[in-house]
Amino acid sequence: MAKDSFRTHHGMVDILPGESEQWQAIEKIIHDTAREFHFREIRTPVLEPTELIARGIGQLTDIVSKEMFTFSRGEDNYVLRPECTAPVARAYIQHHLDQRGGTQKLYYIGPMFRAERPQKGRQRQFHQFGAELIGSDAPAADAEIIAFMVRIYEKAGIRNTTLKLNSVGDPESRRSYQQALHDYFRPILGQLSEISQQRFETNPMRILDSKEEEDQPFIADAPLITDYLNEECRNHYAGVKERLDLLGISYTEDPRLVRGLDYYTKTAFELVSPDLGSQDALGGGGRYDLLIEEIGGRPTPAVGFASGMERFLIACEALGITPGSDPVPDVYIVTRGDEAGKWGLRMLKTLREAGIRATMDFAARSVKAQMKDANREQARFCIIVGEDELKQGRFTLRNMSESDEQMLTPDEILTRLQPPVQSP
RNA sequence: GAGCCCAUAGCUCAGUAGGUUAGAGCGCCAGGUUGUGGCCCUGGAGGCCGUGGGUUCAAAUCCCAUUGGGCUCCCCA
């Protein structure tokens, strides 16, 4: 690589032709599924007020405490959004979407940013799609969100996933549970890993998440949140499970499933895949009944999920699924000479207006080089234009797979190519 | 923030008892067909062997540093 050239920042990747078609294909699945479920798209800015994210996600989370890309300009503090639930909630409040009546079913696709060390399935700029159902505390809302997420992967052909499900309770349940955890861990605190000892103070539930070898035996016997849920949370959890059963969505209850962001309440879920390596979650989410009030709205229950696009594609690749296909032109116009080149340009316009995908050479190369290029691009037909054709008003139409040629007028060529040849 | 691995052409990689002009396959460009692709043949372009220093008569090869990349921990999508 030349000395003076540039490359992307650490953890930022270019998506090139050949890959971009795969992205478009899964984006299409997401958009199509959203239509079936009647989720409506919302697009929020990539930059958000730093304070919104800090308050929404929680000061003590890793995301806020050490993974944000921030900068200031004048009085304003900007952050590259690390996730999209808080921004969507912000938009809901800002635009008074509650006044539109009913519940809001919103979905999004877009880049998110976290200043972590990159590894498989984790980049600094990564892409998430997700959905939020705002304004309902009913278990049916949780089920709808989960059904939407699950359906997208199902459509893509990703069948070997596991849906992990839990309830993390409401503040009241959480308090009694945290008390139980404190009572349980305090006597054995010295035997826990350093990180777990810290979490004992900050967020004892996270100890259950620990992967430290030394913690495992203690975690195995630790009290479970499900035993401390109050009646409301218990009923809600049962209601969600009942509806998932109803929808034929299988799940595995995981009483140790904890979500990383502070705003979650009650339902927590995660869709995991065995093909992702160390970062095994395709997506996750849950209920966040406290968030909207926390960032300045009226108390409003909501539930949502977020999924990683990069991990989606890793899962596809592991299963041998290649979403989308490389585009090929119907026609490649091969020209010889300046006049032919101009004719070709006009013909391109005509073809395209007829819905025929057409291109040509734009580097004034030899006929042979143009044919080679047409072959490389897998064009179905070539139109070959030189002085003879211009004089006769009839042009050579070459079928590239059959290798046969006909001399036709432009009108005949159009008729011959319509309806546009089918492409995969 | 911590650990491990890697670094030779556009891509995938050969190349160590250190020794003359650094290789292959694929890809790219051109010719063989003065207007015709895919197969084939021939030729060509393209590397200061990531960067800097050291050891040596001599370094892609040994040593140190540095940068970049990958993976893992932490955490998350």
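When the count follows the working numbering, it moves up by one through the first sequence with no breaks and lands on 412 for the last residue. Glycine is no exception: its CB is placed at the ideal position from the N, C-alpha and C atoms.
Within the same chain, and ignoring the five residues on either side of tyrosine 165 in sequence, the residues whose Cβ sits closer than 6 angstroms to its Cβ are Ile213, Tyr216. Asparagine 154 counts as buried, since no fewer than 16 other beta carbons sit within 10 angstroms of its beta carbon. Serine 8 sits in a helix when the DSSP states are folded into three classes. Residues of the same chain with a CB within less than 7 angstroms of the CB of arginine 139, apart from the 5 flanking positions on each side, are Thr21 in chain order. Between the alpha carbons of threonine 32 and aspartate 399 lies a gap of roughly 47 angstroms. With a threshold of 16 other beta carbon atoms within 10 Å, serine 266 falls short and is exposed. The count of Cβ pairs closer than 8 angstroms, one atom from the stretch 32 to 49 and one from the stretch 335 to 343, stays below three, leaving the stretches out of contact. Pairing alanine 342 with glycine 374 gives a Cβ-Cβ distance that is not under 7 angstroms.
In the DSSP assignment, methionine 0 forms no beta bridge with any residue. Secondary-structure assignment with DSSP links cysteine 370 through a beta bridge to Tyr320, Arg386. Looking at the DSSP output, serine 60 shares a beta bridge with Asn65. The three-state reading of DSSP puts asparagine 154 in strand, counting E and B together. For phenylalanine 293, the enclosing beta strand (DSSP E) starts and ends at 290 to 296. Three or more pairs of CB atoms, one per stretch, sit closer than 8 angstroms, so the stretch 271 to 280 contacts the stretch 246 to 260.
Taking C-beta separations shorter than 7 angstroms and ignoring five residues to either side along the sequence, the partners of isoleucine 133 in its chain run Ala119, Leu121, Gly273, Val291, Gly292, Phe293, following chain order. Note on leucine 68: 16 or more other CB atoms within 10 angstroms of its CB, so buried under the neighbour-count rule. If one requires a minimum length of 4 residues, the alpha helix (DSSP H) runs lying completely within the stretch 139 to 207 are 159 to 173, 182 to 190, in chain order. As for any beta strand (DSSP E) of minimum length 3 sitting wholly inside the stretch 200 to 278, the runs are 253 to 260, 269 to 275, ordered along the chain. Residue pairing of arginine 23 in beta bridges, as defined by DSSP: absent, with no partner found.
A contact between stretches requires three or more CB pairs, one per stretch, nearer than 8 angstroms, and the stretch 299 to 310 meets this requirement with the stretch 141 to 153. The beta carbons of phenylalanine 206 and tyrosine 95 sit no closer together than 7 angstroms. Beta bridge pairing from DSSP links leucine 396 with Phe383. Around the beta carbon of serine 389, a 10 Å sphere encloses fewer than 16 other beta carbons of the protein chains shown; the residue is thus reported as exposed. Here alanine 346 is bridged, per DSSP, to Val319. With a cut-off of 8 angstroms on Cβ pairs, the stretch 184 to 198 is not in contact with the stretch 276 to 285, counting fewer than three such pairs. If you draw a straight line from the Cα of tyrosine 225 to the Cα of proline 317, it comes to about 53 angstroms. Per DSSP, the unbroken alpha helix (DSSP H) holding isoleucine 51 starts and ends at 50 to 54. In the DSSP assignment, arginine 28 is bridged to Leu94.
In this structure, alanine 357 lies away from valine 319, with their beta-carbon atoms at least 7 angstroms apart.
For valine 260 against leucine 249, the beta-carbon gap comes to about 18 angstroms, at or over 8 angstroms, which does not count as contact. In the DSSP annotation of this structure, the continuous segment of the alpha helix (DSSP H) that includes isoleucine 45 starts and ends at 38 to 45. The beta-carbon distance between aspartate 203 and leucine 169, rounded to whole angstroms, is 13 angstroms. This is too long to meet the 8 angstroms contact definition.
In the DSSP assignment, glutamine 107 falls outside any alpha helix (DSSP H), carrying neither H nor E. Counting along the chain, glutamate 365 sits inside no beta strand (DSSP E), nor does DSSP assign it H or E at all.
If the five residues before and after glutamate 160 are omitted, its C-beta is found closer than 7 angstroms to the C-beta atoms of Asn218, all from its own chain and listed in chain order. If you draw a 10 Å sphere on the C-beta of glutamate 298, you find 16 or more other C-beta atoms in it, and that means buried.
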